[in-house]
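S.K.: Shown below is the structure under consideration.
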Amino acid sequence: MSARFKQAGIAPDTVFGADVTVVQPVNLYGCTIGDNSFIGPFVEIQRNARVGRSCKVQSHTFICELVEIGDHCFIGHGVMFINDLFSGGGPAGGDTTKWKATRIGNQVSIGSNATILPVSVCDRTVIGAGAVVTRDITKPGIYAGNPARLIRAFDIPDQLT
3 MSARFKQAGI APDTVFGADV TVVQPVNLYG CTIGDNSFIG PFVEIQRNAR VGRSCKVQSH
63 TFICELVEIG DHCFIGHGVM FINDLFSGGG PAGGDTTKWK ATRIGNQVSI GSNATILPVS
123 VCDRTVIGAG AVVTRDITKP GIYAGNPARL IRAFDIPDQL T
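All residue numbers in the sequence shown are consecutive under the numbering used here, ending with 163.
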């Protein structure tokens, strides 16, 4: 019996802004991390994903291809981003044309163990711990549950600043 072993790490095609902190071990490849961001241990960020400026990504988070995270965001422990909706009844495998993109706005906070399907989330939004986001979020506020629903709207545009 034979086995192949691959080493997790930081690939040379990863692009870092200024003053980025990364706590290893991590698996980062082909992604972009903005200025002043923090990446915790046991995080994987895949090719063509982007983390904006002044973001904090906590441990055990998975950010797959086609995810774009805005500036000043907090991503809690164990957050999972999904880009494959199993539209053919199973995993798309190597057929990346079936993958969908996710866009997270600025000043978004995502609680631990949330699952984010391919959606768009507007600026100044809080997603509660354990929430499952299945639809676009277009109104700033607090969202929680499975599927995530609006719990409280933010009436003041800069309530989170």
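Just so it is clear, CB atoms sit at the ideal spot from N, CA and C, and this is done for glycine as well.
State the Cα-Cα distance for the pair P120 and D138, rounded to the nearest angstrom.
M.R.: In a straight line, the C-alpha of P120 is about 8 Å away from that of D138.
S.K.: How far does the beta strand (DSSP E) with G78 in it reach, from first residue to last?
M.R.: Run containing G78: none; DSSP gives neither H nor E here.
S.K.: Starting from F40, follow its DSSP beta bridges and name the residues at the other end.
M.R.: Beta-bridge pairing links F40 to T23 and K58.
S.K.: Considering only the alpha carbon of each residue, which of I118, D125, C33 and T99 lies closest to F18?
M.R.: It is C33.
S.K.: G107 and G78 - do their beta-carbons sit closer together than 9 Å?
M.R.: Going by C-beta atoms, G78 is not nearer than 9 Å to G107.
S.K.: Measure the beta-carbon distance from I84 to I129 and round it to whole angstroms, keeping in mind my assumption that it falls under 8 Å.
M.R.: About 14 Å separates the two Cβ atoms, so there is no contact after all.
S.K.: Assuming R154 and G143 form a contact by the criterion Cβ under 8 Å, report the distance between their Cβ atoms to the nearest whole angstrom.
M.R.: 6 Å between Cβ atoms; contact.
S.K.: Considering only residues of the same chain and omitting the five flanking positions on each side of C66, which have a CB-CB separation below 6 Å?
M.R.: The answer, listed in chain order, is Q48, F83 and N85.
S.K.: Looking at the structure shown, is K8 part of a helix, part of a strand, or coil, going by DSSP?
M.R.: DSSP places K8 in coil when its eight states are reduced to three.
S.K.: Short of 6 Å in beta carbon distance, which residues of its chain neighbour V123, apart from the five on each side in sequence? Order them along the chain.
M.R.: Once the five neighbours on either side are set aside, the close Cβ partners of V123 are I106, G107, V110 and I139.
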